[in-house]
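J.: Submitted below is the structure of interest, expressed as structure tokens.
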Amino acid sequence: MLLADYLVGIDVGGTFTDFVSYNSETRAVDVWKILSTPHDPNEGILGGLGRFDAPSDIRNIRLGTTVATNAILERKGATVAYVTTEGFRDIPFIQRGNRRSHYDITWIKPKPLVKRRHCYEINERIMSDGTVHVPLDEDGVRAVARSIREDGSIEAVAVNFLFSYVTPEHERRAKEILEEELPDIPVSISYDVLPKWKEYERASTTIADAYVKPVVNAQVANLRERFTEGGVTDQAVVIKSNGGEMTLEAAQRTPIQMTVSGPTGGVIAGKHVAKLSGISHLVTLDMGGTSTDTSTIVGGQENFTTDYEVEFGVPIQIPMIDIRTIGAGGGSIAWIDKGGMLRVGPESAGANPGPACYGGGGERPAVTDANLLLGRINPDNFLGGEMALDVAAAEKAIASVAGPLGRTPEETALAIVQIANNNMVGALRSVLIERGLDPRDFALLAFGGAGPLHAADLMNDAGIPSGIIPNYPGQFSAFGFILTDARVDVQRTVQMTSKRFDQARASEVMGALIETGIAELKAQGYVENIEIYRSLEMRYLGQNYELEIPVAFDTFTDETTPKVWQAFHDMHLARFGFNIPREVIEVITVKATVVSLTEKPDLATIGKAEGAAEAVATRSVVFDDGRHETPIYNRADLRDGHAIAGPAIIEEPVSVTVLRPGQPMRVDQYGNLLMGRIAEES
Amino acid sequence: MSQRPDVDMVAMSIIDSTMTAVCREMGIVLMKTSYSTIFNEALDFTCALASPEGEMIAQAEFCPSMIGGVPLLVRSCVKEIPLETLEPGDVICHNDPYRGGLHCPEHTLIKPVFVDDELMGFAMTIGHLQEIGGMVPGAFAGEATEIFHEGIRVPPVKIKSAGEDVEEVWKLLLANVRTPRYNYGDLRALIAGVDVGERGLANLIRKYGKDQFRQNVQDLMDYSESRMRAEIGAIADGVYRFQDQVEDDGIESKPYTIKVAVHIQGDEVVIDYSGTSRQALGPINATLGVSYSAAYNGMLHVTDETIPKNSGCFRPIRVVSPPGTMLNVDYPAPEVGGNTETHCKIAGAVIGALAPALPDRTMAAEGATHTNFVFGGTDPESGEAFVCYAIELAGWGGRSFADGNDATDSINGNCRVVPVEVFETRFPFRTESYILVQDSGGAGEKRGGLSTQRTIKSIKTEITGSQMSDRHRNRPWGLHGGQPGGLAGTWHQQANTTSWHMIDEAFGKASPSKWSNVRIRPGDSIRFQTPGGGGWGDPRKRPREQVVEDLAEGYISASSARENYGLDGAAEAAE
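Written out as structure tokens, the structure is:
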């Protein structure tokens, strides 16, 4: 008898917890979802794992979770003490001083995740060149520890000294002392969390790390206990915002790394699909009920950023996959503004009451209601037929805005979809154009419950010639989790110029970073299949934002260094349309990424098509150019090589794919739906 | 409200959001490629699209002081460079306040957008260059008495012609400034921005066709106009008056009064500045462009912020500003501070005037100064000249529904403060402290926002500094019984001494807030304090738990809790 051997990806979302399992013996992939249990997310996780007859068959669990993000958004984290350089305790309160919107007199500046009375100052000072102007006052640190102990309410400490990204010794020593004096209180130092310049952004990120630490610690400990009780493997990892995995212990040490955990799965899965399909440039679109995430894969690689704000003015600048979120989804509500203009979102009907057609009491029209009215969604086959949709309620809701607009409900429904699409096109453009990428070189990978519904229109509107609807579009992020690698990003600010570039020092820093990365992975048990990526962040001397230039070697020499400068000039031209060939270049950061590749599932292929695909029904569906009697296909019936030309609708349990009139589609050997130009290539 | 039946509201909405997205893309290129910290950290720039007639058809929200000037800027450019002489690939550069500009540091780059050889509009970037020559490094000469003191004037000239750099113009521009390498980088960034705008607008027009685009853009401006009229129409008819002061002009120690009469007449408004002081000798004057922008800015703050921002918004607003006054200055008076210090007081006065009519849409005075400290010197290691324009944040006013925001940029900007770590990496100062000022928020049922205080010490080389600020003598006003916010101040401490002196005392200047070319030697320190926001409502009505919390957080002192808020046992609560 074969032993079952499962790899399980779990994505804990706001409404649903998604599960994907891969049986490495049979190569079978299974997907399921259950309602999330926000009061106790672990309950949902254990509940979903109840599907296994023998929990001991699970070899490895990969978990994406929003526990850290939710603690911040709901302001339910720890009471934090902030310890900083004398004269600067107000940095978290002063922030940067700009407003979310110019003319909004009602705007209220965000409060930091720390009280001002819990901010402490230490006499110490490091200068911008890393020299020590005032040595660390160790007695002062001990005095602060005493105050914290006496206060009694403090649950975590965040330390952030000026210029610690250049010279971290003061922060490290302060941490030692605080841990000695306060053995039960976790301490986060900015050098560990974000060793980068700009004190407010670093403060905000370090405070957030401390703020979520006790919450994450408790939840991870609880999860471990329940795994043990339930006889589930302790081989569980958490997905980081950079798309890599880390052990539960590592998650407890730097919980802020998992802020954007869930959405990364879709990008990782997209990267895998791209590789299997031989596509190098992808733009991903994950459209759910309330929001849409977009990201890019260029040359087979995902893009990273440290520009992230959990809400306006509250930056969390950890390395993460560059995913842009906009408030547009199937639940986005259409409304008429004071001037009579039709608008869609950002308000969402959410899961409760949901769009009018859910019959949950929603009376305002959502994008899903519009899709239903246009015939794009089948009222009798939503969520695999588990939920009957109320067409009359959708019609009534749409009519409520059609009247003032002076249009028919059908015209209005089409307009709602067009405006929602335009909002998403804006997001797609922003991830591409901002980086100087041409939409015509890309394929759109659409998933999430609503992504496949809109993909055809979005390809058309954004000028993206090809599209892919992957398998399991409704659980695609969880699917991505069974494909992740262990990944550590390390960086160090150096500040040198091309005029006075110390090649020995740069080589030494790079070497040290790589060693750190390898050691960190080793400590988590990852020692095999190591890959290393190196890069430099640089800019013209005087600029303030860097471009990241990949570097293919360990040692900077008279031969290799000039290639780096040339690569920068070239990339500046490509991104911004100009460069300054004789200008001095400033190197700010040396970066290294160390990846331990994990074993990937060997995905099964589907059978070859025999004969043409057969429609299961036809239905009248509205497109931009009018109504078409449209054939309906069942995705489960489609096989490798089946080709269909739009108009057509392809239904599956958690999603619907729409093909515009004339648009070609072909099924590939894994069951992906290839649309547009890519469908016509062999 | 009903719309004309033939208006395609859907296409209009899509065109509006696409044009706004194009403007945002322009801004991102500017932020990422520019050299000056006032650009890339502070974001003191604007990106806009205009019609061939000069109407602003879209903008992205970066710096609001500039948008009201867009129509005037385009018109003054095409007056001197006729439309028919424009070619694809041309870029016009312009900064002259006496030709529609706002003040000399602000350089406007304009690129015509052609589709099939037909001029369809303009892409524009407006950015603050931190150094433009003139009598002080950084342009804000607090003691200027002529426009010529404030830096190079650039009438509309082509900086690029048919895609090629006009070398003579570049040479002339760069020969007249202290930091040519920086100016070159910033101008290149501004040009990269209009290039992005040109491509984005042309693509949009090609997609919809010229006729539909033109129609939709007209409809869009009509739409904004109708929204604005509806907002104004909802305000009770009447004349609402208010006044504020600029405390001095840097030359003479006497205040200048800004008078505002807001006439609400049905769905239109006339903002009349009659009675305002004669124009000043010093640089606090506003050109007509600045006065228009400020009136628009005030009205945009009290109306629905979701109205698409284009020239249509401005149609129901008319401005009366008698010539020869500080709000419609005659050539060749100086005016660099009009755009930063006077603009915000005009806009604030419009808001203050409407406070009785719109109690929930207005607020008490914000600090209304950017503190504008400019300085320059020579880097002892590289020998290269450096210049910096630094702004500071002030307190915002209390509102019926919330306290004033602490440490926020003034109403005519939306700039970010430059991080200490960026500042010290670039410039030879050490920051000794950067704090919120206790009790600087005007007491009120809704407290005014707190101001900031920064202390910096020169550590390497001699630095020449100048300042253009205000509210060192006049406190920001409260509303409905709220108390005024705290005063601003600038102090100097000589190397190896311990006492602080106001700048005017230390250097024999006429004004504490507007001064030029003070020599800051290694070891000398300067301290900048900004004004706090005015309070809203009677402080005695502030809920006790909020007073106790303010005390615990150190926003107010025990004596303020006792005296202003009437908190019993304030000293015990502080424990």
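Line by line, the protein sequences are chains A and B. The first sequence: position 626 = 626 (my numbering), numbered continuously. The second sequence: position 489 = 489 (my numbering), numbered continuously. Every residue, glycine too, gets a C-beta built ideally from N, C-alpha and C. Predicted model only: the values in this text are computed from it and were never measured.
1) Between B:91, B:129, B:156, B:310, which lies nearest to residue 164 (chain B) when the distance is taken from Cα to Cα?
2) Of all the CB atoms in chain A, is at least one closer than 8 Å to the CB of residue 40 (chain B)?
3) Keeping to the same chain, check which residues put their C-beta closer than 6 Å to that of residue 215 (chain B); ignore five residues upstream and five downstream.
4) For residue 388 (chain B), list the residues DSSP reports as bridge partners.
5) Am I right that residue 275 (chain A) and residue 78 (chain A) are in contact with their C-beta atoms under 8 Å? What's the rounded C-beta distance?
6) Taking all protein chains shown into account, decide if residue 89 (chain A) is buried (16 or more other Cβ within 10 angstroms of its Cβ) or exposed.
7) Can you give me the C-alpha to C-alpha distance between residue 539 (chain A) and residue 35 (chain B), rounded to a whole angstrom?
8) Leaving aside the five residues before and after residue 501 (chain B) along the sequence, list all residues of the same chain whose C-beta is less than 7 Å from its C-beta, in chain order.
9) How many angstroms separate the CA atom of residue 47 (chain B) from the CA atom of residue 311 (chain B)?
10) Can you give me the start and stop residues for the alpha helix (DSSP H) that residue 459 (chain B) sits inside?
11) Give the DSSP-derived three-state secondary structure of residue 528 (chain B) in the structure shown.
12) Closest by CA to residue 203 (chain B), which one among B:295, B:67, B:120?
13) Residue range of the alpha helix (DSSP H) that residue 92 (chain A) falls in?
14) Buried or exposed: which applies to residue 543 (chain A), given that a residue is buried once 16 or more other Cβ atoms fall within 10 Å of its Cβ?
15) Using beta carbons (cut-off 8 Å, strictly below), is residue 199 (chain A) in contact with chain B?
16) Could you tell me whether any Cβ in chain A is nearer than 8 Å to the Cβ of residue 192 (chain B)?
17) Does the separation of the CB atoms of residue 418 (chain A) and residue 18 (chain A) fall below 8 Å?
18) Comparing the C-beta of residue 372 (chain B) with each C-beta of chain A, is any distance below 8 Å?
19) Considering only the alpha carbon of each residue, which of B:247, B:289, B:426, B:206 lies closest to residue 75 (chain B)?
20) If the cut-off is 8 Å on Cβ atoms, which residues from the region 91-124 of chain A count as contacting chain B, listed in chain order?
21) I'd like the list of long-range same chain contacts for residue 142 (chain A), defined as Cβ closer than 8 Å, with 5 residues on each side in sequence excluded.
22) Does the beta carbon of residue 331 (chain B) sit closer than 8 Å to a beta carbon anywhere in chain A?
23) Could you tell me which of A:468, A:65, A:514 sits nearest to residue 220 (chain A), measuring between CA atoms?
24) Please name the residue, chosen from A:29, A:71, A:55, A:54, that lies closest to residue 39 (chain A) on a Cα-to-Cα basis.
25) Residue 361 (chain B) CB to nearest chain A CB: under 8 Å?
26) Considering only the beta carbon of each residue, do residue 442 (chain B) and residue 480 (chain B) sit closer than 8 Å?
27) Could you give the first and the last residue of the continuous beta strand (DSSP E) run that contains residue 348 (chain A)?
28) Given a threshold of 16 other Cβ atoms within 10 Å of its Cβ, counted over all protein chains shown, does residue 96 (chain B) qualify as buried or as exposed?
29) Do you know offhand how far residue 7 (chain A)'s Cα is from residue 346 (chain A)'s?
30) Tell me which same chain residues have a C-beta within less than 6 Å of the C-beta of residue 1 (chain A), skipping the five on either side of it?
31) Do you know how far the Cα of residue 9 (chain A) is from the Cα of residue 579 (chain B)?
32) I'd like to confirm the pairing. Which residues does DSSP put opposite residue 114 (chain B) in its beta bridges?
33) In chain order, which beta strand (DSSP E) runs of at least 3 residues are fully inside the region 175-261 of chain B?
34) Can you tell me the Cα-Cα spacing of residue 248 (chain A) and residue 481 (chain A), whole angstroms?
35) Among all the DSSP beta bridges, which residues are the ones paired with residue 99 (chain B)?
36) On the DSSP letters alone, give me the boundaries of the beta strand (DSSP E) that residue 148 (chain B) sits inside.
T.: Taking the structure as given:
1) B:91
2) Among the CB atoms of chain A, one or more fall inside 8 Å of the CB of residue 40 (chain B).
3) So no residue of the chain qualifies.
4) B:375
5) Their Cβ separation, rounded to whole angstroms, is 41 Å, which puts residue 275 (chain A) and residue 78 (chain A) out of contact at 8 Å.
6) buried
7) Annotation: residue 539 (chain A) to residue 35 (chain B) spans about 10 Å, alpha carbon to alpha carbon.
8) 491, 492
9) 14 Å
10) No alpha helix (DSSP H) contains residue 459 (chain B), which DSSP labels as neither H nor E.
11) The DSSP-derived three-state label of residue 528 (chain B) is strand.
12) Its Cα nearest to that of residue 203 (chain B), the residue B:120 stands out among B:295, B:67, B:120.
13) Where residue 92 (chain A) is concerned, the enclosing alpha helix (DSSP H) stretches over 91-94.
14) buried
15) yes
16) yes
17) no
18) no
19) B:289
20) 91, 93, 94, 95, 96, 97, 98, 99, 101, 102, 103, 104, 105, 106, 107, 108, 109, 115, 116, 117
21) 177, 181
22) Closer than 8 Å: no.
23) A:65
24) A:71
25) yes
26) no
27) 342-348
28) buried
29) 37 Å
30) At residue 1 (chain A), the pLDDT of 36 sits below 50, so the modelled position is not reliable; the number obtained from the coordinates is stated separately. So no residue of the chain qualifies.
31) Chain B is shown only over 1 to 575; residue 579 (chain B) falls outside these bounds and no answer can be derived.
32) B:119
33) 238-246
34) 15 Å
35) According to DSSP, which records beta bridges pairwise, residue 99 (chain B) is partnered with nothing at all.
36) Per DSSP, residue 148 (chain B) belongs to no beta strand (DSSP E) and is neither H nor E.
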